[in-house]
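All letters in the sequence shown, in the order written, are residues 73 to 265 by the working numbering.
Data block below; observations after.
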Amino acid sequence: MTNKIDRRQFLGTAAQVSCGCVMAAGFMGCAALTRHPGQQEGAAVTEEEIPAEAAIVAAAYCGLYCAACPRYLAAIEDPAKGCPGCNLGEVGYQCEIKPCAVENNVNSCGECDQFPCERTKKFHGSGRDMSLVAEKNCYRVREVGYSDWLEEQAKRWACENCGSGFAFRDEACPSCKVDVYSFAEEAAAYREK
73 MTNKIDRRQF LGTAAQVSCG CVMAAGFMGC AALTRHPGQQ EGAAVTEEEI PAEAAIVAAA
133 YCGLYCAACP RYLAAIEDPA KGCPGCNLGE VGYQCEIKPC AVENNVNSCG ECDQFPCERT
193 KKFHGSGRDM SLVAEKNCYR VREVGYSDWL EEQAKRWACE NCGSGFAFRD EACPSCKVDV
253 YSFAEEAAAY REK
């Protein structure tokens, strides 16, 4: 049996089930962005074909939650137009954090004994919304653990009204149009802290 889902279904799934189930069900859709030998482009992926590392693709090492990232969501629809998530593929930009995290065998910088380090301070200290939220997330990973943080993020990026997923830049739910807690609002609250 194959299961191919679109972006909104994927995000809705992430919002409605625990993180462990998201890994089992939701990533069937996004695993399609990683083609396996002999697999045709655009072919649906069976559960058996999902690479083990897909379970960690929901978050970048730096602390961002990929499943709400517009570039990651674009890759689900068209792999050539987005980012597959740094845990699963090669990203199209230079990142100093990924090689270090891979070398230290951590899912997130928040798990590293050296956090915060010069690399993360440089990125997190840039003042951009995404960097501030990533820093906040690394501290949260350190506090509650990676798995619990992933579960929190799946809920955080789901509309409280209808359960549909939304992305970093969204200020309203794409499905029911109610206001959502945006990425910019989260960064502003963290700045004030």
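All residues carry an ideal CB built from backbone N, CA and C; glycine is no exception.
**Report entry** Extent of the continuous alpha helix (DSSP H) to which A173 belongs
**Finding:** As a position in the sequence shown, residue 173 is number 101, starting the count at 1. Unbroken alpha helix (DSSP H) run through A173: I169 to E175.
Query raised in the report: Within this structure, are the beta carbons of E258 and V205 separated by less than 9 Å?
Result: On the sequence shown, position 186 is the one that residue 258 refers to. On the sequence shown, position 133 is the one that residue 205 refers to. For E258 and V205, yes; Cβs fall inside 9 Å.
Query raised in the report: Between the segment 137-149 and the segment 177-188, are three or more C-beta pairs nearer than 8 Å?
Result: no
Query raised in the report: Around the Cβ of M203, are there at least 16 other Cβ atoms within 10 angstroms (buried) or fewer (exposed)?
Result: Here residue 203 refers to the residue found at position 131 of the sequence shown. Here residue 203 turns out to be Ser, not Met, going by the sequence shown. Per the 10 Å Cβ criterion, buried.
Query raised in the report: Could you give the residue range of the alpha helix (DSSP H) that holds V252?
Result: What you label residue 252 is simply residue 180 of the sequence shown in a count that begins at 1. Segment: none, V252 is in no alpha helix (DSSP H) and carries neither H nor E.
**Report entry** Spatial distance of V174 from C141 (CA atoms)
**Finding:** Reading the sequence shown from its first residue, position 102 is the one you call residue 174. Reading the sequence shown from its first residue, position 69 is the one you call residue 141. So the two alpha carbons sit approximately 21 Å from each other.
Query raised in the report: For G235, which of helix, strand or coil comes out of DSSP?
Result: Position 163 of the sequence shown, counted from the first residue, corresponds to residue 235. Looking at G235 - three-state DSSP - the assignment turns out to be coil, as it is neither helix nor strand.
**Report entry** Residue range of the alpha helix (DSSP H) that includes S219
**Finding:** Working through the sequence shown from its first residue, we reach residue 219 at position 147. Start and end: Y218 to R228.
Query raised in the report: Cα-Cα, which of G217, E223 and C248 is closest to C231?
Result: To locate residue 231, count along the sequence shown from 1; it is residue 159. Checked all of G217, E223 and C248; the closest Cα to C231 is C248.
Query raised in the report: What did DSSP end up calling Y137 once you bin it into helix, strand or coil?
Result: On the sequence shown, residue 137 is found 65 positions in, with the first residue counted as 1. Looking at Y137 - three-state DSSP - the assignment turns out to be strand.
Query raised in the report: Going by alpha carbons, who is nearest to V213 out of P246, N159, V178 and I148?
Result: Within the sequence shown, the letter at position 141 stands for residue 213. Checked all of P246, N159, V178 and I148; the closest Cα to V213 is V178.
Query raised in the report: Of the choices A147, F255, R241 and A132, whose alpha-carbon is the least far from that of C26?
Result: Any answer about residue 26 is impossible in this case: the structure gives the chain only from 73 up to 265.
Query raised in the report: Going by C-alpha distance, which of D220, V250 and E224 is nearest S236?
Result: The residue labelled residue 236 in the question sits at position 164 within the sequence shown. Among D220, V250 and E224, the Cα nearest to that of S236 belongs to V250.
Query raised in the report: Less than 8 Å between the CB of G217 and some heavy atom of the ligand GTP, yes or no?
Result: This structure lacks the ligand GTP, and indeed carries no ligand of any kind.
Query - Identity of the residues DSSP links to A131 by a beta bridge - result: Counted from its first residue, the sequence shown places residue 131 at position 59. For A131, which the question treats as bridged, DSSP gives the partners Y137.
Query raised in the report: So who's on the other strand from A244, going by DSSP bridges?
Result: Counted from its first residue, the sequence shown places residue 244 at position 172. Note: A244 sits in a beta bridge opposite D251.
Query - Where V178 sits in the DSSP three-state scheme - result: In the sequence shown, counting from the first residue as 1, residue 178 sits at position 106. Coil, per DSSP.
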